Amino acid sequence: MFEKLPVGRLVLPLLPDERWWGGAVSDGDRMPFGGADHARDLATSAGHQDVPGDLTRGCNQSAPVLVSSRGRFVWSDRPFSFAFADGSLSVIGAGIVRGEAGTTLAEAFGAVSRSYFPASGLIPAEAMFSGPQYNTWIEMPYLPTQVGVLRYVRDLLEAGFPPGVVMIDDRWSRDYGTWQFDPERFPDPAEMIRQLHGWGCAVMLWLVPFVSPDSAVFRYLRGRDLLVRGPDGDPAVRAWWNGYSAVLDTTNVDAVAWLHGELDALVEEFGVDGFKFDGGDVYDYRADDLTAVPSDPVGQCESWARVGVTYRFNEYRACWKMGGQPLAQRLHDKPPIWGSGGLSSLIPEAIAQGLIGHAFTCPDMIGGGDLAAFGEESPIDQELFVRFAQCAALFPMMQFSLAPWRVLDPRHLAAVLAAVRIRQQLVPRIVALARHAAATGEPVLRPIEYHFPGYEQVTDQFLLGADILVAPVLERDARTRRVVVPPGRWARSGGEVIDGPCTVDLRVELASVPWFRRVG
């Protein structure tokens with residue numbers, strides 16, 4: 001049943017034990033909703049109403065969809081605000097649709113996704129699933145070089161890591177918006193990429209929608225009216241994490257054609273495989289921006305995401321809507337900490353990604369991608385690094401940056417390599433699930449509740465498909481891991497079979513990655 005409301009306010013009394021997911025991925029720690037008060041305005045810059053000005057709460061994927069463990073859902077084409085309080089869900093916005101489809105989370109998600117963000121039939125490049133991703137950001141912040149990139153990849157291969165996707169991050173280019181290799185730091189990029197390809201690696205380059213305002217590219221784009229303009233008609237200059245820049249108007253087909261031309265030249269001339277599309281957050285735009293196609297902050301964020309669909313090797317960290325599309329979606333930068341905001345947020349946020357339509361998920365860089373946390377005097381928590389890698393290893397994608405072979409002792413490095421080997425063992429299944437997601441829209445990584453109603457509060461474990469249960473170790477100095485085993489027969493990697501439903505306390509060591517395959 002679908003009902004589009006003629007007015008802009010919906011109030012739904014919650015059903016007994018009903019829980020909800022959706023809205024903003026950065027609220028993943030608070031999901032499922034319904035047990036405590038929570039409010040979110042999807043149209044605002046930060047979005048999180050009780051944390052004024054906190055931009056980090058709005059810097060990941062979001063979508064105007066809510067799905068319930070009891071088969072209900074809410075959708076709109078436009079951003080809405082919602083709140084859980086006093087036993088009810090209230091939603092305020094335009095064009096709100098409410099619906100019911102069966103009595104389970106899987107039925108609700110299937111109905112809303114098929115109707116409003118259907119699967120495209122395509123996946124990102126399989127290499128993004130079949131091997132780890134290696135990003136230069138933490139190892140070479142703001143100063144990647146041809147020599148440094150080749151050394152980084154040579155070292156990872158010599159340390160026993162498999163080839164994968166190499167992402168060359170910020171400042172490989174001459175300037176922001178000038179998407180050409182810096183000739184001093186990359187004197188022969190074609191030869192570098194030829195070597196990387198020879199080692200079995202694909203190559204991606206970082207970019208943002210920003211344009212340095214004192215550059216020749218800025219003058220070129222300004223002269224053709226291809227930049228976002230402020231209310232006064234002049235190009236808008238926005239503060240972002242690297243300074244102040246103009247912004248490409250990605251609602252403008254000519255601006256997008258120009259950018260595609262710049263990127264395609266890198267593909268054709270040097271053999272670049274794809275691109276990491278950073279920035280483009282909702283808070284980078286304003287409601288009074290002047291654009292080729294009238295838009296708003298969420299619409300401009302969405303138009304930035306559409307740019308990347310052209311490239312099979314892609315990555316986004318910020319996105320509005322675009323569920324069902326062949327886009328790799330990474331969680332926002334995490335500090336290297338245990339608990340909420342760090343390691344413990346990976347699973348609930350990835351679950352949230354899947355349930356707003358993003359099946360092709362990647363956790364943050366292993367050990368954390370928050371550069372500010374990695375000062376010269378900051379010691380590396382080796383146990384945390386290992387547990388982060390183990391959790392990431394059975395996500396649809398995994399990504400390294402900080403070099404484990406450099407910062408870990410032999411014992412901890414061996415544990416990370418063991419986690420990578422487990423992943424390589426399961427790669428055929430992960431790739432098959434990615435193809436299934438492309439056809440059906442179903443998440444690759446799913447909450448236990450998706451297949452086993454009544455398990456909505458289990459948010460520190462996940463399923464790969466319907467038959468692989470993963471319960472990573474997430475606590476410091478853990479010697480046991482409590483695992484909630486749903487109904488069925490579940491075999492551990494060592495052969496032991498556990499009959500569910502039950503709860504078991506497993507003994508764990510540094511190298512332990514508790515996972516189970518459903519049998520029978």
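Under full-length UniProt numbering, the sequence shown has 201 at position 201, and the numbering climbs by one with no breaks. C-beta: ideal position from N, C-alpha, C; glycine also. Just so you know, these numbers come straight off a predicted model, no measurement behind them.
* First and last residue of the beta strand (DSSP E) that includes ILE134? -> Mapped onto the sequence shown, residue 134 falls at position 134. First, the residue type needs correcting, since residue 134 is Tyr and not Ile in the sequence shown. Segment 133 to 135, the beta strand (DSSP E) holding TYR134.
* To do: Less than 8 Å between the CB atoms is what I'm expecting for PRO326 and LEU346, so what's the real figure, rounded?
  => Position 326 of the sequence shown, counting from 1, holds the residue named residue 326. Position 346 of the sequence shown, counting from 1, holds the residue named residue 346. In fact, because the Cβ distance is near 22 Å, the residues do not count as touching under 8 Å.
* Secondary structure, beta strand (DSSP E): runs of 3+ residues fully inside the region 136 to 220 -> For the region 136 to 220, whole beta strand (DSSP E) runs of length 3 or above, ordered along the chain, are 165 to 168, 173 to 175, 178 to 181, 202 to 207.
* So, are the CB atoms of ARG482 and ASP505 less than 9 Å apart? -> As a working note, residue 482 is residue 482 in the sequence shown. As a working note, residue 505 is residue 505 in the sequence shown. Yes, the Cβ-Cβ distance between ARG482 and ASP505 is below 9 Å.
* Of the listed residues ARG286, ARG518, THR178, ASN242, nearest to VAL228 (C-alpha basis) -> Taking the sequence shown and counting its residues from 1, one reaches residue 228 at position 228. It is ARG286 whose Cα lies nearest to the Cα of VAL228.
* Could you give the distance in angstroms between the alpha-carbon of TYR142 and the alpha-carbon of ARG171? -> Within the sequence shown, the letter at position 142 stands for residue 142. Within the sequence shown, the letter at position 171 stands for residue 171. TYR142 and ARG171: Cα-Cα distance of roughly 5 Å.
* Asked: What number of angstroms, rounded off, separates the C-alpha of PHE186 from the C-alpha of ARG174?
  -> Residue 186 sits at position 186 when you count from the first residue of the sequence shown. Residue 174 sits at position 174 when you count from the first residue of the sequence shown. PHE186 and ARG174 have their C-alpha atoms roughly 10 Å apart.
* From this set, PRO231, PHE109, ALA403, GLU268, which residue's C-alpha is nearest ALA190's C-alpha? -> Looking up residue 190 in the sequence shown gives position 190. Measuring C-alpha to C-alpha distances from ALA190 to each of PRO231, PHE109, ALA403, GLU268 identifies GLU268 as the nearest.
* Asked: How would you write the range of the beta strand (DSSP E) that ARG517 sits in, first residue to last?
  -> Taking the first residue of the sequence shown as position 1, residue 517 is located at position 517. Note, ARG517: beta strand (DSSP E), 515 to 519.
* Per DSSP, cross-strand counterpart(s) of ASN252 -> Counting from one through the sequence shown, the residue named residue 252 turns up at place 252. Looking at the DSSP assignment, ASN252 forms no beta bridge with any residue, so it has no partner.
* To do: Quick one: using the 10 Å Cβ neighbour count with 16 as the cut-off for buried, is ARG57 buried or exposed?
  => The residue you call residue 57 lines up with position 57 of the sequence shown. Caution is warranted here: a pLDDT of 47 is assigned to ARG57, below 50, making its placement in the model unreliable, and no coordinate value can be reported.
* To do: Note the first and the last residue of the continuous beta strand (DSSP E) segment covering HIS38.
  => Locating residue 38 in the sequence shown gives position 38, counting from the first residue. Run containing HIS38: 38 to 41, per the beta strand (DSSP E) assignment.
* What are the boundary residues of the beta strand (DSSP E) that TYR283 is part of? -> Locating residue 283 in the sequence shown gives position 283, where the first residue counts as 1. Neither: TYR283 is in no beta strand (DSSP E) and is coded neither H nor E.
* Asked: Any chance the region 302 to 316 sits against the region 270 to 278, with 3 or more Cβ pairs inside 8 Å?
  -> At 8 Å Cβ cutoff, the stretches touch.
* Asked: So what does DSSP say about PRO52, is it helix, strand or coil?
  -> If you number the sequence shown from 1, residue 52 lands on position 52. Reliability of the predicted coordinates at PRO52 is poor, the pLDDT of 41 falling under 50, and no value is obtained from them.
* To do: Assuming ARG423 contacts LEU394 (C-beta within less than 8 Å), just tell me the rounded distance between them.
  => For the purposes of this step, residue 423 is identified with residue 423 of the sequence shown, where counting begins at 1. For the purposes of this step, residue 394 is identified with residue 394 of the sequence shown, where counting begins at 1. Indeed they touch by this definition, with Cβ atoms about 6 Å apart.
* Close beta carbons around ALA85, own chain, < 6 Å, minus the five adjacent residues each side -> Taking the sequence shown and counting its residues from 1, one reaches residue 85 at position 85. Within the same chain, Cβ atoms closer than 6 Å to the Cβ of ALA85 are found at ASP37, the five residues on either side in sequence being excluded.
* With a 10 Å radius around its C-beta and 16 neighbouring C-beta atoms as the bar for buried, classify SER378 as buried or exposed. => Along the sequence shown, one-based indexing puts residue 378 at 378. Label assigned to SER378: exposed.
* Rounded to whole angstroms, what's the CA-CA distance from ASP214 to ALA392? Just pull it up for me. => Against the sequence shown, residue 214 aligns to sequence position 214. Against the sequence shown, residue 392 aligns to sequence position 392. ASP214 and ALA392: Cα-Cα distance of roughly 41 Å.
* Could you tell me which of GLY280, ALA478, MET192, ALA434 sits nearest to residue 530, measuring between CA atoms? => Residue 530 lies beyond the residue range present for the chain, which begins at 1 and ends at 520; the question has no answer from this structure.
* When the Cα atoms are used, what is the spatial distance from LEU266 to VAL307? -> For the purposes of this step, residue 266 is identified with residue 266 of the sequence shown, where counting begins at 1. For the purposes of this step, residue 307 is identified with residue 307 of the sequence shown, where counting begins at 1. The straight-line gap from Cα to Cα measures roughly 16 Å.
* Which class does GLY47 belong to by DSSP, given the choice of helix, strand or coil? -> The count along the sequence shown starts at 1 and reaches residue 47 at position 47. Residue placement at GLY47 cannot be trusted, given a pLDDT of 43 that sits under 50; what the coordinates show is reported in the next sentence. Here GLY47 sits in coil by DSSP.
* Asked: Is there at least one Cβ from chain C nearer than 9 Å to PHE462's Cβ?
  -> Given the protein chain composition of this structure (a single chain), no chain C is represented.
* Could you check what DSSP says for ASP17 in three-state terms: helix, strand or coil? => The count along the sequence shown starts at 1 and reaches residue 17 at position 17. Coil at ASP17, not helix or strand.
* Specify, as a first and last residue, the run of the beta strand (DSSP E) that SER62 falls within. => Working through the sequence shown from its first residue, we reach residue 62 at position 62. Here the beta strand (DSSP E) through SER62 covers 61 to 68.
* Boundaries (first-last residue) of the alpha helix (DSSP H) holding CYS243 -> Along the sequence shown, read from residue 1 onward, the residue named residue 243 stands at position 243. The amino acid occupying residue 243 in the given sequence is Gly; Cys does not appear at that position. That residue, GLY243, is in no alpha helix (DSSP H); its beta strand (DSSP E) goes 243 to 247.
* Just mark PRO428 as buried or exposed, buried being the case when its beta carbon has 16 or more other beta carbons within 10 Å. => Along the sequence shown, read from residue 1 onward, the residue named residue 428 stands at position 428. Exposed is the call here.
* With 16 as the cutoff for other CB atoms within 10 Å, does PRO52 come out buried or exposed? -> Residue numbering aside, residue 52 sits at position 52 when the sequence shown is read from its first letter. At PRO52, the pLDDT of 41 sits below 50, so the modelled position is not reliable; the number obtained from the coordinates is stated separately. Counting Cβ neighbours within 10 Å, PRO52 comes out exposed, since fewer than 16 surround it.
* **Beta carbon of LEU105 nearer than 9 Å to that of LEU355** => Here residue 105 refers to the residue found at position 105 when the sequence shown is read from its first residue. Here residue 355 refers to the residue found at position 355 when the sequence shown is read from its first residue. Contact: yes.
* **Distance CB(SER90)-CB(LEU10) smaller than 9 Å** => Counting from 1 along the sequence shown, the entry for residue 90 is found at position 90. Counting from 1 along the sequence shown, the entry for residue 10 is found at position 10. Yes; because the gap between Cβ atoms is below 9 Å, this pair is in contact.
* For GLU496, the residue or residues it bridges with in DSSP -> Here residue 496 refers to the residue found at position 496 when the sequence shown is read from its first residue. None, per the DSSP bridge assignment.
* Use the C-beta contact count for THR480: other C-beta atoms within 10 angstroms, 16 or more gives buried, fewer gives exposed. => Here residue 480 is taken as the residue at index 480 of the sequence shown, counted from 1. Looking at its Cβ environment, which holds fewer than 16 other Cβ atoms inside 10 Å, THR480 is exposed.
* Those residues which DSSP pairs with LEU12 across a bridge -> By one-based count along the sequence shown, residue 12 stands at place 12. DSSP links LEU12 through a beta bridge to LEU89.
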